[in-house]
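A.B. asks:
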Amino acid sequence: MDNLLAAKNYNEIVKGIDDSKWNSFDSLIFVTLSSSFFMWGITLSIAPLITTWDFIPSYMDIYIIAASPAGLLAGNLFLGSFSDKFGRKRVFLATVIFTFTGLLGISLSYNYYLILFFIFMAEFGLGGDETVSLAFLSEYIPKKYRGTALIESSNMANLGVTVMAAIFIMTASSVFLDKQLLVIISMVGFAIAITTRLKLKESVKWEYLKKNPDKNNKLKINKNEIYKFISLSFLGVAIIVGFAFSYLVLGPFEFPEYSGYIIFFSVLAETLTGIFGGIYMGRAPRKLIAIIGFSGLFILWLFVVILLKLVLLNIYLLIALLVISGIFGEFGWGAREMLEPENFHTLFRGRGIGSVRAIGYIVYLFTVFLLAAASIEQYAYYLLIIYFIGFAGSLIYLFKGKETKNENIY
Numbered sequence: 014m015d016n017l018l019a020a021k022n023y024n025e026i027v028k029g030i031d032d033s034k035w036n037s038f039d040s041l042i043f044v045t046l047s048s049s050f051f052m053w054g055i056t057l058s059i060a061p062l063i064t065t066w067d068f069i070p071s072y073m074d075i076y077i078i079a080a081s082p083a084g085l086l087a088g089n090l091f092l093g094s095f096s097d098k099f100g101r102k103r104v105f106l107a108t109v110i111f112t113f114t115g116l117l118g119i120s121l122s123y124n125y126y127l128i129l130f131f132i133f134m135a136e137f138g139l140g141g142d143e144t145v146s147l148a149f150l151s152e153y154i155p156k157k158y159r160g161t162a163l164i165e166s167s168n169m170a171n172l173g174v175t176v177m178a179a180i181f182i183m184t185a186s187s188v189f190l191d192k193q194l195l196v197i198i199s200m201v202g203f204a205i206a207i208t209t210r211l212k213l214k215e216s217v218k219w220e221y222l223k224k225n226p227d228k229n230n231k232l233k234i235n236k237n238e239i240y241k242f243i244s245l246s247f248l249g250v251a252i253i254v255g256f257a258f259s260y261l262v263l264g265p266f267e268f269p270e271y272s273g274y275i276i277f278f279s280v281l282a283e284t285l286t287g288i289f290g291g292i293y294m295g296r297a298p299r300k301l302i303a304i305i306g307f308s309g310l311f312i313l314w315l316f317v318v319i320l321l322k323l324v325l326l327n328i329y330l331l332i333a334l335l336v337i338s339g340i341f342g343e344f345g346w347g348a349r350e351m352l353e354p355e356n357f358h359t360l361f362r363g364r365g366i367g368s369v370r371a372i373g374y375i376v377y378l379f380t381v382f383l384l385a386a387a388s389i390e391q392y393a394y395y396l397l398i399i400y401f402i403g404f405a406g407s408l409i410y411l412f413k414g415k416e417t418k419n420e421n422i423y
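For reference, each letter of the sequence shown is one residue, going 14 to 423 in our numbering.
#1: Report, in whole angstroms, the separation of the C-beta atoms of T286 and E355, which I expect to be a contact under 8 Å.
#2: Among the residues of its own chain, which have a CB less than 7 Å from the CB of D31, if the five just before and after it don't count?
#3: Would you give the residue range spanned by the alpha helix (DSSP H) that V254 belongs to?
#4: Taking the straight line between their C-alpha atoms, what separation do you get for Y392 and L334?
#5: With contact counted as at least three CB pairs below 8 Å, one residue from each stretch, are the segment 199-213 and the segment 303-315 in contact?
#6: Can you name, in chain order, every residue of its own chain whose Cβ lies under 8 Å from the Cβ of T417, other than the five neighbours on each side?
#7: Could you spell out the range, first to last residue, of the alpha helix (DSSP H) harbouring S166?
#8: On the DSSP letters alone, give me the boundaries of the alpha helix (DSSP H) that N24 sits inside.
#9: Looking at the unbroken alpha helix (DSSP H) that takes in M294, where does it start and where does it end?
#10: From W489 to L261, what does the alpha carbon distance come to, in whole angstroms?
#11: Which value, in whole angstroms, describes the spacing of the CA atoms of M73 and G84?
#12: Would you say G54 and V174 are within 9 Å of each other, going by their C-beta atoms?
#13: Can you look up I69 in the DSSP assignment and give me helix, strand or coil?
#14: Below 8 Å, can you find three or more Cβ-Cβ pairs linking the segment 85-99 to the segment 201-208?
#15: Given this structure, state the Cα-to-Cα distance separating L194 from G115, to the nearest angstrom.
#16: Once the 5 residues before and after A170 are set aside, which same chain residues still bring their CB inside 8 Å of it?
#17: In whole angstroms, give me the CA-to-CA distance for I243 and G406.
#18: Hey, out of F111, I409 and L408, whose CA is closest to M134's CA?
#19: With 16 other CB atoms within 10 Å as the buried threshold, where does L129 fall?
#20: From L321, L325, F382 and W314, pick the residue whose C-alpha is nearest to that of A79; which is it?
#21: Cα separation between F91 and L323?
#22: Considering only the alpha carbon of each residue, which of A162, T184 and V336 lies closest to F43?
#23: State the DSSP-derived secondary structure class of S187, mapped to helix, strand or coil.
#24: Look at the Cβ atom of I119, then the Cβ atom of I63, and state whether they are nearer than 9 Å.
#25: Looking at the unbroken alpha helix (DSSP H) that takes in Y395, where does it start and where does it end?
#26: Checking 9 Å against the spacing of the C-beta atoms, do L248 and G141 come in under that value?
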């Protein structure tokens, strides 16, 4: 990879990477970022599951849940921009410190105000990890494998959520055991992350552009950019808010005694869909995957709203519908994971991904307080609106967006 920096122009670097074969460095990046996404899933699920701990007063639930999107919002915005300015690797080494410190603090503390702070810190680090991970993958993985690598690595976040939900189900009566297992997971995750991240090289594309500034490489605002930002933001809102409130927050807000089971089974469906369908999705047109995912989510939730009274009579029927929702959700998740990094130029990729995701986290934060005291009917109708937004975003992208399958990443 080092010899690419001696290329005559940026086009040679882009083609040298995007048209290459899979190599050992690609494997290193894939393993590194897969472990990062797994820890993100662990952290993402922590806040809703912590509300089941007996020393957490019920009035703190809403603030503990809100700390998650607040940290992710800050991490995406600030650390995404920093990665464009200072490089992917430097920020990537910093984010793991924030995340590990936050998770360790959650594990060791019994003061719920400190836990609130540590949740924010862990999510702040993971917010930066999101943007840098997607940027790293898209800038290094050959285009033939890029989509699959983006989906399969990010799907590890779903696996992390599933594992954490399973732990809380099996240790429902022991806060101490929950904390002990979280310490072990955090330490193992940190050891893997720091060891592999130190071996990573800086993004060659980013490094070349920083060393060889070009006046033409400036952010341009036009109609196409506006359509792109709107459509990707809509997709982000549907996945970020829909995922959180369909699976993670639904239990604590509406069915506290079933929180772990709702999270486990619905996210397990996403995980398995990603594992077994990731290769197909990664090689398929991005527009097709987006339409399948977001139209499926919208239609399914339309049925949930229509049959709501029947659904509420049987928690197992609700969980079954959430499992189906999880399958379509993985298609939506996969489309978004590919389209975000593939739609932004290297010099603005961190800011682009962070800004698009920030819209979703702002809506997430607002929704926590909006739905905290909502009836289940209001909750269901609100989610239907959220999934309609995602469906609208997929339609906008279908007609106005660029198909990025097998496109070189500049």
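Cβ atoms here follow ideal geometry from the backbone N, Cα and C, with glycine treated the same way.
C.D. replies: Well, looking at it:
#1: About 21 Å; that fails the 8 Å criterion.
#2: Cβ neighbours of D31 within its own chain (closer than 7 Å, five residues either side excluded): P155, K156, N421 and I422.
#3: Per DSSP, V254 is one residue of the alpha helix (DSSP H) stretching across K236 to F256.
#4: In a straight line, the C-alpha of Y392 is about 16 Å away from that of L334.
#5: no
#6: R299, M351, L352, E355 and N356
#7: For S166, the uninterrupted alpha helix (DSSP H) segment begins and ends at K156 to M183.
#8: Per DSSP, the continuous alpha helix (DSSP H) segment holding N24 begins and ends at Y23 to D31.
#9: S272 to R296
#10: What the structure shows of the chain is the stretch from 14 to 423, and residue 489 is not part of that stretch, so it cannot be assessed.
#11: Between the C-alpha atoms of M73 and G84 there is a straight-line separation of about 17 Å.
#12: yes
#13: Coil.
#14: no
#15: 15 Å
#16: F50, F51, W53, G54 and L57
#17: Going by the C-alpha atoms only, they are around 7 Å apart.
#18: F111
#19: Under this definition L129 is a buried residue.
#20: F382
#21: 45 Å
#22: Nearest to F43 by alpha-carbon distance, out of A162, T184 and V336, is A162.
#23: coil
#24: yes
#25: I389 to K413
#26: Not in contact: L248 and G141 (Cβ atoms no closer than 9 Å).
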